[in-house]
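Heads up: the structure comes next, in structure tokens.
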Amino acid sequence: MLLTLLLACDGPSSERPADADGDGYTVTDCNDDAAEAHPGAEEICDGLDNDCNGEIDEQGGTTVHADADGDGYGDPASSATLCEPGVGWVSNYDDCDDTSSDNRPGADEVCDGIDNNCDGLIDDDDETLIAGDWSFDSDGDGYGGDLRVERCSYEEGYVLEGGDCDDKDATLSPGAEEVCDGIDNNCNDLIDAEDESATDAVWWYPDVDGDGYGDSEAGTFSCTVLADQIAVGGDCDDNDVEISPGVTEIIGNGIDDNCNDLQGELLMADAAVRWAGTYKTDAAGTSVAGVGDVDGDGYDDILIGAPGQDEEGEDAGAAFLIRGGLTLEPAVSLDDSWAQIYGEQYSDQAGHAVAGPGDVDGDGYDDILIGAPLRGYDAGAVYLLLGPISGRLELDEADVTLTAEGIEYRAGLALAAAGDVDGDGRSDFMIGAPGLDGNAGRAYLITGDDLTSGSLSGASTRVAGRSGENLGRAVGGGDVDGDGQSDLLIGAPLSDDGGHRAGSVHIFLGDELQVGMSITDDDAILKGESAYDQLGWSVSGAGDVNNDGYDDILAGAPEDDNGNVDAGGAMLAYGSAGISGTIVEDARLLGGFYTENAGTSVAIVADLDGNRVDDIFVGAPANGVSGDAAGASYVFFGGELSGTVALADGMILVGAAPGDAAGTSVASAGDFDSDGRVDLLIGAPGASDAWSGGGAAYLILGTALE
């Protein structure tokens, strides 16, 4: 029996553990494929558990210290031994404050009660200490003489301001006014008229042409009267009596006649036609549009919105169709228009937006769109009227009525032609429903298959915005990628893509559209540059400004501050094949007048000057050139524009009177008078006629822009 037991223990059926890696360990070896891994081995950085304690690389590597503030100096109280330290770790531990990159070895010591340079001393360094330049002020005028050493503490009799040229005379100091008395009063080493700040010296100018305005470039600042010179300057050509600030600007002669640094200006009072609202609150001109040939007579027609019109109830609104080819008269009442279309009921504000979508039903007549954004608890509605139309109509007679998906959508606040997006040979159009201030907003594409009255939920394409961005405040269309199919442009002026309320314009390519989409499904985006620019308040895309075969993108940013505070402006981005992602503007057209809000309205219009490229039209309704908030519009002739361009380098069309708000809306009128030249429309809803605030729309003939 004993023999049997011995055989059982030592026989071939009993296997001892093998030592495959030859490190002398079998049962206790945690990795028998690596000789460098066994109990008692040194842990190194090799991705193995060398000492078989269940942890990997825990004792290998280099001791490093955390650099939380990113100043290159480590925290002595926070260390680790790491094989690959990566970002946020450094080998030194010299930082005395790892919460602020301003406090580190080598930093300037400043007067703040902190050891800024980590030398163990506070506010101590005479060489680098940043403090005030304390000077003794003998005469008590607030300015000291010779500077003392920099220090952190105040001492009686010393002041921070130095530079006193006579510290025994309190009337002489850098803060004094320079006057004509033979003394350097303000201590700038200039005496009397040598200093252009001298309060009782006067500029004198030669007046060679005798027009009452002197040559500012040849002025002399003097404490005494200069013979044969005058005290009124501003003449930009003192050899021509017909050029001075006192003359009327002549449009198109290539001369700055009135010396205001503008190439030309035209008063709206000199427009070919002024269509005026007839009631106090009409606000005619809030929207204007060229709508093509609605009545089929061969002349282009126009449409003018008056959302404050009260015919069918207070602020029910209206729109007026003006037939092209009429004998032009300087002043016309909108009551005399070819067709008058009135809102359905109280507070609809029909006519807040109007547009000419083209021939949407394919019958050979162009059609019209009218938006009523406050219809039904601010839900909004859009009305399509098929041409031809004439006479007095009410919007409940519209051929198609499209209503919002819910209250406070404000559908119809923006309208635009979209071209033929679906390729069926009929014109399509877009509707913006930005909602109330801060709402997400939506935009809709309506094609020929959608021409049935009902909810906008049945639109061919619906694009939903994000919370707070007011998507759909402006809409437009154009073939920006040159594939022969129209694309969609949608403004979101309160979006934060480029900064808080910097705004943005989103591009959706026509061949990528689906029924239900989000703004994040866009193919390309143009972002506002700075907070509060509100890029996308207006957009236009059906035009080729640089003649490269692609439609371009023009977007207004009425709160842009680059040219002046709230001067506004517009971004121009050229179309291109394969347009995608974040695009950058090719040109920025900036307003220059304080708070003029250029870019409130924009339009790319067909070639105005005959150079075979399309041109730019920008409205600035708060411009004050001809009076407070008289408004203005800029015409900028197309070409290869690039970089930053001042709108004032183009042509300015200024409002007729204070409060007109001319430029609230701008549009091409097509060839209204059929002379082969494109004409322009400008809306001025604040203009006054027989009744204050009735508003007006102005027709500027293309020939006036020569």
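In my numbering, the protein residues as written are 3 to 708. Where is the CB? At the ideal position from N, CA and C, for every residue including glycine.
Ala504 and Leu537: beta carbons closer than 9 Å? yes
Indicate whether the contact test is met: 3 or more Cβ pairs, each with one atom in the region 308-317 and one in the region 342-350, closer than 8 Å. yes
Taking only the alpha-carbon atoms, compute the straight-line gap between Gly216 and Glu196 and give it to the nearest angstrom. 21 Å
Inspect the CB distances between the region 421-429 and the region 403-411 and report whether three or more fall short of 8 Å. no
Are the region 240-249 and the region 272-281 touching, with three or more C-beta to C-beta distances below 8 Å? no
Just curious, the beta strand (DSSP E) that Gly373 is in, first and last residue? Asp369 to Ala374
Span separating the alpha-carbon of Glu163 from that of Trp136: 7 Å
Using a threshold of 9 Å, state whether the C-beta atoms of Val680 and Ala671 are closer than that. yes
Let me know if Leu8 comes out buried or exposed under the rule of 16 or more other beta-carbons within 10 Å of its beta-carbon. Residue placement at Leu8 cannot be trusted, given a pLDDT of 32 that sits under 50; the coordinates are not used to answer.
Out of Ala43, Thr666 and Cys120, which one is the CA nearest neighbour of Gly306? For clarity, residue 306 is Ile in the given sequence; the question names Gly instead. If we check each option's Cα against that of Ile306, Thr666 comes out closest.
Given a threshold of 16 other Cβ atoms within 10 Å of its Cβ, counted over all protein chains shown, does Thr288 qualify as buried or as exposed? buried
Closer than 8 Å is the cut-off here; do at least three beta carbon pairs connect the region 538-549 with the region 515-526? no
Locate the alpha helix (DSSP H) running through Gly378, then write down its first and last residues. Arg377 to Asp380
Proximity winner among Ile702, Gly327, Gly480 and Glu179, relative to Ser676 (alpha-carbon distances): Gly327
So Met653 is in the beta strand (DSSP E); what residue range does that whole segment cover? Met653 to Val656
Can you look up Leu701 in the DSSP assignment and give me helix, strand or coil? strand
So, is Glu57 buried or exposed, given that buried needs 16 or more other C-beta atoms within 10 angstroms? exposed
Pick from Thr403, Val29, Gln231 and Pro41: whose alpha carbon is nearest that of Gly214? Gln231
Identified DSSP bridge partners for Pro176: Per DSSP, none; premise fails for Pro176.
C-beta neighbour in chain B for Asn241, strict 9 Å: Although the question refers to chain B, the structure presented lacks it and comprises just one protein chain.
Exposed or buried, Arg377, counting other C-beta atoms within 10 Å across all chains shown (16 or more means buried)? buried
Please identify the residue among Arg614, Leu574, Leu528 and Ile618 whose C-alpha is closest to the C-alpha of Ser582. Leu528
In angstroms with no decimal places, state the Cα-to-Cα distance between Leu703 and Pro623. 20 Å
So Ile448 and Asp430 are in contact, right, with Cβ under 8 Å, and what is the actual spacing, rounded? 6 Å
Is Leu336 helix, strand or coil when you go by DSSP? helix
Beta strand (DSSP E) segment containing Tyr636, residue limits: Ala634 to Phe638
Could you spell out where the beta strand (DSSP E) holding Met573 opens and where it closes? Gly571 to Ala575
Considering Cα atoms alone, identify which of Val586, Gly570, Val567 and Asp568 is closest to Tyr709. Any question about residue 709 goes unanswered here, given that the chain covers just 3 to 708.
Spatial distance of Asn566 from Pro208 (CA atoms): 33 Å
Contact under 9 Å by Cβ, Glu598 with Gly570: yes
Taking all protein chains shown into account, do 16 or more other C-beta atoms lie within 10 angstroms of the C-beta of Thr222, making it buried, or fewer, making it exposed? exposed
Under 6 Å Cβ to Cβ from Asp317, same chain only, skipping five residues before and after it: list those, please. Gly310, Ser349 and Gln351
According to DSSP, Ser488 sits in a beta bridge with which residue or residues? Its beta-bridge partners do not exist; DSSP assigns none.
Can you list, in chain order, the residues of its chain whose CB lies under 6 Å from that of Ala109, leaving out five sequence neighbours each side? Asn118 and Asn119
Under 8 Å by Cβ, that's how I've got Ala39 and Cys54 pegged, so tell me the actual separation to the nearest angstrom. 7 Å
Of the choices His354, Ala699 and Asp361, whose alpha-carbon is the least far from that of Gly298? Asp361
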